[in-house]
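Have a look at the structure below, then the notes.
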Amino acid sequence: MHPLLHTKDNAGCEQVMIALEECHARGFLWKALGMCSNAKEQLIKCLREERVKHQTMNRTEEQEKRARIRQKWKEIEENS
Numbered sequence: 003m004h005p006l007l008h009t010k011d012n013a014g015c016e017q018v019m020i021a022l023e024e025c026h027a028r029g030f031l032w033k034a035l036g037m038c039s040n041a042k043e044q045l046i047k048c049l050r051e052e053r054v055k056h057q058t059m060n061r062t063e064e065q066e067k068r069a070r071i072r073q074k075w076k077e078i079e080e081n082s
């Protein structure tokens, strides 16, 4: 499995990654016949859910940060 998949950001998908790695370890023929397709689809869905969750969290944090900055500028303008 790609080393970047095994990060703290994808901890929720660790079991699915392990299942896919175990399936791939069975050999080329197992993969070529599509026996790992279900595990791969599950991993793709899981990683997408994790990405969407992180995007939402980052967007919320950025909006809060911008609101704090606007508030500080408002306070500065009022005190000037």
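Just so we're aligned, residue 3 is where the sequence shown starts under the numbering used here, counting upward by one.
Beta carbons are placed, not taken as given, at the ideal position from N, Cα and C, and that holds for glycine.
* Minimum C-alpha distance to Leu49 - residue among Met19, Gly36, Glu24 -> Met19
* In the DSSP assignment, find the unbroken alpha helix (DSSP H) run with Met19 in it and report its ends. => 16 to 27
* **Distance between beta carbons of Leu45 and Cys15, contact taken as under 8 Å** => 6 Å
* Compute the Euclidean distance between the alpha carbons of Glu63 and Gln17, then round it to the nearest angstrom. => 29 Å
* Enclosing alpha helix (DSSP H) for Lys47 [first to last residue] -> 39 to 81
* I think Ala41 touches Leu22, with their Cβ atoms under 8 Å apart; what is that distance to the nearest whole Å? -> 4 Å
* Asked: Using the C-alpha atoms, what's the distance from Lys67 back to Asn81?
  -> 21 Å
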